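**Q** Numbering-wise, my numbering puts 166 at position 159 of the sequence shown, and it's gapless, one number per residue.
Backbone N, C-alpha and C define an ideal beta-carbon position, used for all residues, glycine too.
This structure is a prediction, so every number in the text was calculated from the model and none was measured.
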Amino acid sequence: MASDEDYDDFNLPPETQRPFTSGIRRKPVPFVRSSNLDTTSTPSTSSGRSIADTYLSIVMKQAPSTSPSTPAHALSPTRATNSAPATAQASPLSEPIPEPAPELCDVCKLPLGTNPSTPHEASLAHQVCVTHSHPPSHIDRTRAGFRYLANQGWDPDERLGLGASGREGIREPIKASMKFDTAALGTGFDQDGDPLPKKPAPVKVQKLNAKQVRKKAAEDKARGERIMRAFNQDERVLKYLGEDI
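1) So, for H133: in the same chain, excluding its five sequence neighbours on each side, which residues have a beta-carbon less than 8 Å away from its beta-carbon?
2) Could you tell me whether the Cβ atoms of D6 and S144 are closer together than 8 Å?
3) Could you check whether R178 and L167 sit closer than 8 Å to each other, using their CB atoms as the reference points?
4) State yes or no: is the C-beta of G195 within less than 8 Å of the C-beta of P204?
5) So what's F38 in DSSP terms, helix, strand or just coil?
6) Exposed or buried, what is P63 when buried is set at 16 or more other beta-carbons lying within 10 Å of its beta-carbon?
7) Which full runs of the alpha helix (DSSP H) of 4+ residues lie inside the region 121 to 172, going along the chain?
8) How big is the Cα-Cα spacing for A157 and V137?
9) Just to confirm the assignment, what range does the alpha helix (DSSP H) spanning I65 have?
10) Name the residue from T121, K222 and R221 whose alpha carbon lies nearest to the alpha carbon of P109.
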């Protein structure tokens, strides 16, 4: 039978009931309401020099006052008086000194660098603006095709196409193309100078219709039967049966 103390817990409101296994595994935690807290702050009593006196003795090189706490309005004129010469001294330095204009490159119009390890002429921006000289063309000047194009006004060293000024065509008039066969590689004559015989044209493959396909299949089947019979028959048996070989 439960004790009277356990029986009283059932009649209490939920917020005041003890939790399960209270007192066995978990100890009860007393709840303290905020209204019951007594917050009392003790006034801090500072003795000795004030913070302002210590700061002024370090920064302004001023002798600290003998009073334990110096009012702020009494120290403000002193700070203003001591800071006035610093402002007067800093006023001439406040004006910016104009820097000399950097020297520009005549080619790329960019400022020249001062680093001796990386000269300005070696930079990519300068190299792009420089007019480069291209090597001469590798085309053989003794070829007949080159002489013909040169007579028409084409110069491969100028890297321009064939045509009048301002209306040049492609730079390489004869475009190279990939060749996959051996046609036109020989002159058509043998070592003795005789012309080579022409090769016959390849036979064109003709497609058969359905009727021709059936006829060809029947002929192939009959031909296969004749070949099998020729390999498997015996001459003595055919002679005995009276059949012609």
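**A** Quick answer:
1) Excluding sequence neighbours, H133 sits near C112, V114, C115, L117 and H127.
2) The first residue shown for the chain is 8 and the last is 252, placing residue 6 beyond what the model contains.
3) It is a contact, given that the beta carbons lie within the stated cut-off.
4) Taking 8 Å as the Cβ cut-off, G195 and P204 do not qualify as a contacting pair.
5) F38 falls in the coil class under three-state DSSP.
6) Checking the sequence, you will find Leu at residue 63 rather than Pro. When all chains shown are included, L63 counts as buried.
7) Fully enclosed alpha helix (DSSP H) runs of 4 or longer: 131 to 136 and 151 to 158.
8) Going by the C-alpha atoms only, they are around 29 Å apart.
9) I58 to V66 is the extent of the alpha helix (DSSP H) around I65.
10) Comparing C-alpha distances from P109 to each of T121, K222 and R221 shows the shortest one belongs to T121.
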